[in-house]
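As numbered in this note's numbering, residues -11 to 157 make up the sequence shown, in order. Each residue gets a CB set at the ideal place from its N, CA and C atoms; glycine is no exception. Remember, it's a predicted structure, so these values are computed and weren't measured experimentally. One structure below.
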Amino acid sequence: MYKVLIENLKEIIDPVHYNRMSNDKPIEDEKAWIDKVPNIKMIESIGTIVDIMDEHVKGTDLQYSWINIKDKIHACNIFISWNKISIRPFISPTLTHEPFNNAVQRIYMSATLGVSGELERVMGVEHIERLPIVNEWDEKGLGRRFFIFPQVSLDTSIYEDVIYFLQLN
């Protein structure tokens, strides 16, 4: 399916990207490369992309995921890399995803989002209780990490223990 999609994306992606994606023996830098298909160009190819996906996901572990985004592909981004194509919604469907919407507890972790409401907007929630920044945070490490566990809920009796443990580490 990857090769078929590459050939059909060929006309709407940069020729350099196409060459990277179709290279069977990439250099290490190319293995780490990732880019996004421009949405304005992707819209032109939606019909073809849907047809290819319909044909190739039947009976695979992608079938369920595809059924959930197929009719909403116009509201998705397509990320491309040397060996993978990912189709992801622009905004997480938090209010329509039942395990998330009905969760008793959610934990969001972000190294970069502040108090201006970005996380609330992205996740579609009104209020998020923030934990205090740990001491010596600038010596603990670098990088951007964003983890979401919408289907995980903890027993409320251990909630304070978890918060305490997270503050220590």
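Span of the alpha helix (DSSP H) around residue i
i	result
Asn27	Asn27 to Glu32
Ser104	First-last for Ser104: undefined, no H or E at that position.
Ser53	Gln51 to Ile57
Under the three-state DSSP convention, the category residue i falls into
i	result
Ile37	helix
Met9	helix
Lys(-2)	coil
Pro120	coil
Ile15	coil
Pro81	coil
Asn90	coil
Lys60	helix
Lys(-9)	helix
Classification of residue i by the beta-carbon crowding that lies within 10 angstroms, buried from 16 upward
i	result
Val92	exposed
Arg8	buried
Ile22	exposed
Asp149	exposed
Phe78	exposed
His62	exposed
Met97	exposed
Met30	buried
Met(-11)	exposed
Val25	buried
His115	exposed
Leu(-3)	buried
Leu119	exposed
Counterpart residues of residue i in DSSP-defined beta bridges
i	result
Asp23	Ile68
Met111	Answer is none; Met111 lacks a bridge partner.
Ile75	Ile66
Limits of the beta strand (DSSP E) - the one that residue i falls within
i	result
Met97	Tyr96 to Ser98
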